[in-house]
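The structure appears below as structure tokens.
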Amino acid sequence: MQRLLYIIQKEFRQIARERVFLLVIFIMPFIQIVVLGFAITTDIRNVSMAIIDYDRSSMSRRITDAFRVTGSFRYRGVLSTEREVARRMNRDEIKLALVIPRHLERDVKRGASPAVQVLVDGVDGNTAGVALAYANRIVQDLQREWLREAGTGAGELRNIHLTEVETRMVYNPALESTNNIVPGILAMLLMTITSFLTGMSIVREKEIGTLEQLMVTPVRSTELILGKVIPLLVVAFVLLNIGILAAGLIFGLWMKGSLITLYLLSILFSMSSLGLGVFASTLANTQQQAMFVTWFFTIFSILLSGFFIPIENMPRVVQVITYLNPVRYFMVVIREIYLKGTGLDLLWKEALAMTIFGLVMFVSATVRFQKRLG
Amino acid sequence: MFDRIFLSIVKKEFLHVVRDWQTLVIIIVMPVLMLLLFGYAITLEMRQITIALVDHSRSPESRAFLERIRASDFFEVAAVNVPEAQFERLFQERRSRCILVIPHDFARSLEQDAETDIQLLIDASDPNAANYIQKYLMQVSTGYDAARNPSFTMPLRLEPRLLYNPDLRSEYFFVPGLIAVIILLISALLTSIAIVREKEVGTMEQILVSPAHPVQIILGKVVPFIVLGFVDSVLILVIGHFWFGVPIHGSVVFLGLSLILYIFTGLSFGLLISTVANTQRLAMMATLLATILPTIMLSGFIFPIPSMPVVFQYVSRIVPATHFLRIIRGIMLKGSGVRDLVTPITYLLVLSIVLITVSVRKFNTRLE
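Chains A and B supply the protein sequences, listed in that same order. Throughout the first sequence, residue numbering follows our numbering, covering 18 to 391 in sequence. Throughout the second sequence, residue numbering follows our numbering, covering 5 to 372 in sequence.
In structure tokens form, the structure reads like this:
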């Protein structure tokens, strides 16, 4: 026990001595939350668009106006030919163009239902799809307006009955993507700090050669690992709190659920990421390798955690793999606690899964570490 | 400059890289795995949406409406006729992402009123999913209206034409983007760490007393990573092109040249960091913060730049990957030529020259 305390003390000193490094780990949560929180927007806004107007009627002007006023599009002006549209798209200046055909107004009044062409830059499929949906909605709303104006009293229109979907967005009425992303960033932060730093701080001693010196002292390898892990766990815990504060102060996002539950589940989750770090240290002989091994696992576990790609969207095989990913469970937990205030009674399955993964990973990594040394 | 000494340094560095085969395996395997994952697993388009249906009307009309939802590929009915008191629990247990409620007077209202409301509650904690759900259900409603009012047509139609990527396949978007990320990862991260490592282990002094010039030492360290970065990006290109069918419309030579330019930019970042950092973990953290994070998040690799706040749009213009993404997507998907891409190319060129000059100067002064 005494020896364990000494090692912990030594680790803290080493961390404290490296000023710049300390600065970097404490600035990291802020930068991550600010950059990621603002940058990761799954909502599509300000799509640059232009219009070719071959009709120049009052109707085509109303279409143009409707596109000018919405926040979904940024209107870049009138173009005269399709060639110009192609050139602008090649230079990434516009993403969407509307081609209003000649005699649009005349054809509409005749009831010929003319086609307005929408040219969309399809490179970013998601943006293209969403922009197209926006365009559709704008045009549909406009047409409903026209129908109402033209159809008052018209007998034919009285027979038309339309259904209208009236949506209520629960838990996130303004559809802010930060509400979804920021808790995810906290999870990512906890994962990267614990796994990266653990792996590198153990391997560093190997690389510099001080691990052998430690081995000839009476310190047991379990004590060594715990001594390495506990200070980092403390650092990670502090960082988590900084992150929670930053999320609240910068984005006004405070958790609805219980802080104690989150702390408890964070510790359960940290066991698996610390285990990953120790595991990486047994594989690696240089810090570079340790970093790459952890980096490798981190990227995949974050991609497959449902952080920004919902797991239901993935193919079945990949979905099965995600059950083996501890981050998946923590991602659910932290979002539920933050946004819905879900209690532990509905989260026990995730908690159980994280406990099992944590114990298995940490214990097997430690055993592997001991074997390597013996 | 490029004499025998330089060649032997390059040889030594290559040996270092090859001997460390674990890292080498990761460098080769990781991009391929990421490509497969991105190609197959990543789509923001929702499928298998769990839905709860509540039918207060229980009429032939409402059943016809619900039948359309059941028949669609997008939805998976998770619960039926749940009482309203259970709604919250349904969301908290994550059994259902949305709840559709058809009101009592649905059938009557359909006969008499111009518009009939259907209530939809969506768990919007994932706003992107919420948007898709709303879009799909509006399509269901439009389809239902069209079937009930066959004589009715809208005044005009929108006819979409998708350029460059008619099937909206996400591989077209991700393969070029992935090349930008991987190259930076290898060139910036590996370079910075490789140099700092010699400092940390103490071998840097040994090299410095040798007759080699500091510039030769740095360049010699850099050459293997240029080769590695290039091999990796060609690997991704080949798999992307032949396996995922991502086209290369523009000139392949032009593409190769711009790849090399971008590798240089990454290396110059790595060099700069290595002159500042003294330990590997500091170098790694600094690289992570200064290059990798912005490259993945702010370059338009996944998240569109125009949707970001204005400040970040300006920041994104400094990030080299933003410009490289324009180049590589332009060449591969749009067949853009040099003339379309003058601005981003100039930017990358100037940036790399400035960074390399600064870091070589700094490296020299720190040694004396």
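Idealized CB from N, CA, C, for every residue including glycine. Here the structure is a predicted model, which means the values were calculated and not measured.
- The alpha-carbon of B:Leu162 is positioned some 6 angstroms away from that of A:Ala132.
- Excluding sequence positions up to five before and after B:Arg330, its CB lies within less than 6 angstroms of the CB of Pro348, all in the same chain and listed in chain order.
- If you draw a 10 Å sphere on the C-beta of A:Ala114, you find 16 or more other C-beta atoms in it, and that means buried.
- Close to A:Leu228, with beta-carbon spacing below 7 angstroms, lies no residue of chain B; the smallest spacing is near 14 angstroms.
- Distance between B:Ile53 and A:Thr278, taken at the CA atoms: about 29 angstroms.
- Chain A places no beta carbon closer than 9 angstroms to that of B:Tyr318, leaving this residue out of the contacts.
- Non-local beta-carbon contacts of B:Val36 in its own chain, meaning distances under 8 angstroms to residues more than five positions away in sequence, involve Leu239, Ile240, Ile243 in chain order.
- Residue environment analysis places A:Met18 among the exposed positions, since fewer than 16 neighbouring C-beta atoms fall within 10 angstroms of its C-beta.
- The beta carbons of A:Val335 and A:Leu321 sit closer together than 9 angstroms.
- For B:Phe229, the enclosing alpha helix (DSSP H) covers residues 218-246.
- Beyond the five residues adjoining it in sequence on each side, A:Gln49 comes within less than 7 angstroms, by CB distance, of Ile202, Leu206 in the same chain, given in chain order.
- For B:Gln90, not one C-beta of chain A is nearer than 9 angstroms to its own C-beta.
- Contact of A:Asn342 with chain B is not assigned, every C-beta pair being separated by 9 angstroms or more.
- When rounded, the separation of the alpha-carbon atoms in B:Ile183 and A:Thr311 is 21 angstroms.
- For the pair A:Leu270 and A:Leu262, the Cα-to-Cα distance works out to about 9 angstroms.
- In the structure shown, A:Val233 falls within a coil segment according to DSSP collapsed to helix, strand and coil.
- Just so you know, the alpha carbons of B:Ile190 and B:Ile322 end up roughly 20 angstroms apart.
- For A:Ala145, the residues of chain B that pass the 7 angstroms Cβ criterion are Leu166, Leu172, in the order they occur in the chain.
- Annotation: Cβ neighbours of A:Ile57 in chain B (cutoff 7 angstroms, chain order): Met301, Phe307.
- Non-local beta-carbon contacts of A:Thr58 in its own chain, meaning distances under 7 angstroms to residues more than five positions away in sequence, involve Ser194 in chain order.
- Going by DSSP, A:Leu356 is part of no beta strand (DSSP E) at all; its letter is neither H nor E.
- Following the DSSP letters along the chain, one finds B:Asp149 in no beta strand (DSSP E) but inside the alpha helix (DSSP H) bounded by residues 131-152.
- Approximately 20 angstroms separates the beta-carbon atoms of B:Arg93 and B:Ala133; this is outside 8 angstroms, ruling out the contact.
- Under the DSSP definition of a beta bridge, A:Gln134 partners with A:Val116, B:Glu163.
- The contact set of A:His178 on chain B, defined by CB atoms closer than 9 angstroms, consists of Ser113, Leu114, Glu115, Gln116, Asp117, Ala118, Glu119, Thr120, Asp149, Arg152, Asn153 in chain order.
- B:Pro215 is positioned such that its CB atom lies closer than 9 angstroms to that of B:Ile9.
- Measuring C-alpha to C-alpha distances from A:Asn153 to each of B:Ala151, B:Met158, B:Asn153, B:Gln123 identifies B:Met158 as the nearest.
- Contacts with chain B (Cβ-Cβ distance below 7 angstroms) from the stretch 105-119 of chain A involve Met106, Asn107, Arg108, Asp109, listed in chain order.
- A:Ala67 places its beta carbon 9 angstroms or farther from that of A:Gly88.
- Of the candidates B:Leu223, B:Val144, B:Pro87, B:Pro298, B:Val144 places its Cα closest to the Cα of B:Arg74.
- Using a Cβ-Cβ cut-off of 9 angstroms, B:Val315 counts as an interface residue toward chain A, since at least one Cβ of chain A sits closer than that to its own.
- By alpha-carbon distance to B:Leu345, the top candidate from B:Ile300, B:Leu194, B:Ile332, B:Ile357 is B:Ile332.
- In the displayed model, A:Glu110 falls within coil according to three-state DSSP, outside both helix and strand.
- Interface residue (Cβ-Cβ distance to chain B less than 9 angstroms): A:Ile316 is classified as such.
- Contact annotation: B:Ser262 and B:Thr195 have beta-carbon atoms that are not nearer than 9 angstroms.
- The residue from A:Ala307, A:Asp158, A:Ala103, A:Asp60 with its alpha-carbon nearest to that of A:Phe84 is A:Asp158.
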